[in-house]
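Numbering (this note's numbering), first residue to last: 3 to 380.
Note that CB positions come from ideal geometry on N, CA and C, so glycine has one too.
Note that this is a predicted model, so its numbers are computed, not measured.
Contents: one structure, followed by commentary.
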């Protein structure tokens with residue numbers, strides 16, 4: 003191994019290249035050899051080291067975001083494989099794949115234009131760090147595809163503002179919506195979508211469980227069968243640690259209505275999931291495709307959030323921004339209106355004692371209690 007020295011004689015840390023070696027090369031005929039180019043090896047090593055140094059110098063939040071962007075790039079390729087029957091490598095960054103990625107984020111993920119622009123940048127950064135080429139033509143094409151989306155006022159509103167709290171009545175509408183879903187405005191096809199029964203049961207359980215444990219998207223994705231135990235009174239649920247937050251153990255009672263009872267909805271989904279071939283004691287929630295086929299890997303955090311937004315949209319709950327966080331907020335606001343103690347609600351959702359967000363939710367739930375204009379002779 004040869005250590006490469008800079009112009010001033012200082013050694014460059016960790017930059018090593020393999021000495022020139024003879025390699026068999028059939029393209030030059032029998033017995034021909036090709037000499038390894040040490041200059042090219044040095045330049046490649048320097049490029050790799052520079053990419054890593056730049057990556058390490060970024061803020062932790064940026065690195066985490068770029069890693070999530072790369073996960074989405076892989077999720078996009080899996081979706082594309084379902085459409086085409088061919089799984090492309092992650093290194094396939096072309097005009098076609100980059101423009102299709104923009105459209106997928108817009109039409110499937112319903113992402114805001116600014117989020118799409120950032121994710122395109124994140125994928126490019128991560129691709130270069132892995133040694134993949136990112137053609138300028140591909141970046142330029144993605145920018146052109148994104149331009150009309152950034153001018154669309156409805157798309158600009160995506161992701162803005164705080165998530166609205168949902169109520170048990172909202173959950174009931176979501177969980178009893180017809181399986182036949184009419185085409186949404188702007189849909190490319192006019193066909194009616196029939197939701198597979200397995201997906202319907204999964205979503206009913208996912209939404210009610212989320213509300214009951216005040217679950218974040220990451221927590222709902224991380225739930226396991228072994229962490230959800232059926233007892234006489236209801237469910238004992240272990241919510242695992244995600245993103246450094248402490249785990250918590252909570253209980254969920256039987257509900258008053260079968261369509262919003264997290265216990266009954268969990269039992270129905272668990273039975274259906276196992277009957278469909280799920281591995282016992284695996285992830286609590288699994289993907290289900292449009293044909294009703296059950297996936298083997300756990301439902302992603304994004305998938306958990308999209309399920310909530312999608313169900314709300316099909317149930318006609320428009321005019322409010324309903325996301326994966328809506329159930330978490332809804333438990334507190336509904337609980338306070340019903341007289342539940344703040345400490346109980348805080349423990350259920352795993353909020354810190356001094357969490358300003360939690361107390362904001364408490365205030366929202368109490369805003370009509372002994373309000374300033376009530377009973378003063380107006």
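Grab the span of the beta strand (DSSP E) containing residue 302 for me, first residue to last. Where residue 302 is concerned, there is no enclosing beta strand (DSSP E), given that its DSSP letter is neither H nor E.
Separation of residue 167 from residue 301, as counted between CA atoms: 23 Å
If you draw a straight line from the C-alpha of residue 215 to the C-alpha of residue 82, how long is it? 34 Å
Which ranges does the beta strand (DSSP E) cover as unbroken runs of at least 3 residues, wholly within the segment 206 to 252, from first to last along the chain? 230 to 233, 236 to 241
Out of curiosity, what's the CA-to-CA distance linking residue 393 and residue 219? The requested residue 393 does not occur in the structure, where the chain is confined to residues 3 to 380.
Indicate whether the contact test is met: 3 or more Cβ pairs, each with one atom in the segment 175 to 183 and one in the segment 132 to 148, closer than 8 Å. no
Nearest by alpha-carbon distance to residue 132: which of 72, 41, 151, 322 is it? 72
Go to residue 93, then tell me how far its alpha helix (DSSP H) extends in each direction, as first and last residue. That residue, residue 93, is in no alpha helix (DSSP H); it is neither H nor E in DSSP.
Is residue 334 helix, strand or coil by DSSP? helix
Specify whether the segment 268 to 284 and the segment 224 to 233 touch according to this definition: at least 3 beta carbon pairs, one from each stretch, less than 8 Å apart. yes
Touching or not, the segment 195 to 214 and the segment 254 to 273, by the rule of three or more beta carbon pairs under 8 Å? yes
Which residue from 273, 164, 235 puts its Cα closest to that of residue 256? 235
Only counting runs of 3 or more residues, tell me where the beta strand (DSSP E) segments fall wholly within the segment 38 to 71, in order along the chain. none
Considering only residues of the same chain and omitting the five flanking positions on each side of residue 175, which have a CB-CB separation below 8 Å? 317, 318, 319
Here's the rule I'm using: 16 or more other beta-carbon atoms within 10 Å means buried, otherwise exposed. How should residue 111 be labelled? buried
Residue 254 bridges to which residues according to DSSP? 237
How many whole angstroms separate the CB atoms of residue 122 and residue 95, which I take to be in contact at a CB cut-off of 8 Å? Contact flag wrong, Cβ pair sits at about 10 Å.
Can you list, in chain order, the residues of its chain whose CB lies under 8 Å from that of residue 276, leaving out five sequence neighbours each side? 282
Bridge partners - residue 288, DSSP secondary structure assignment: In DSSP, residue 288 forms no bridge with anything.
Can the beta-carbon of residue 242 be found closer than 9 Å to that of residue 221? yes
Give me whichever residues DSSP pairs with residue 182 in a beta bridge. 196
Would you mind sorting residue 87 into buried or exposed? The rule is 16 or more other CB atoms within 10 Å of its CB. exposed
Per-residue DSSP class, three states only, for residue 34: With a pLDDT of 47 at residue 34, under the threshold of 50, the predicted position of this residue should be treated as unreliable, though the coordinate-derived value follows. Residue 34 falls in the coil class under three-state DSSP.
With a threshold of 6 Å on Cβ separation, who are the neighbours of residue 368 within its own chain once the five nearest residues in sequence on each side are excluded? 338
Can you give me the C-alpha to C-alpha distance between residue 53 and residue 130, rounded to a whole angstrom? 7 Å
Can you tell me whether DSSP reads residue 296 as helix, strand or coil? strand
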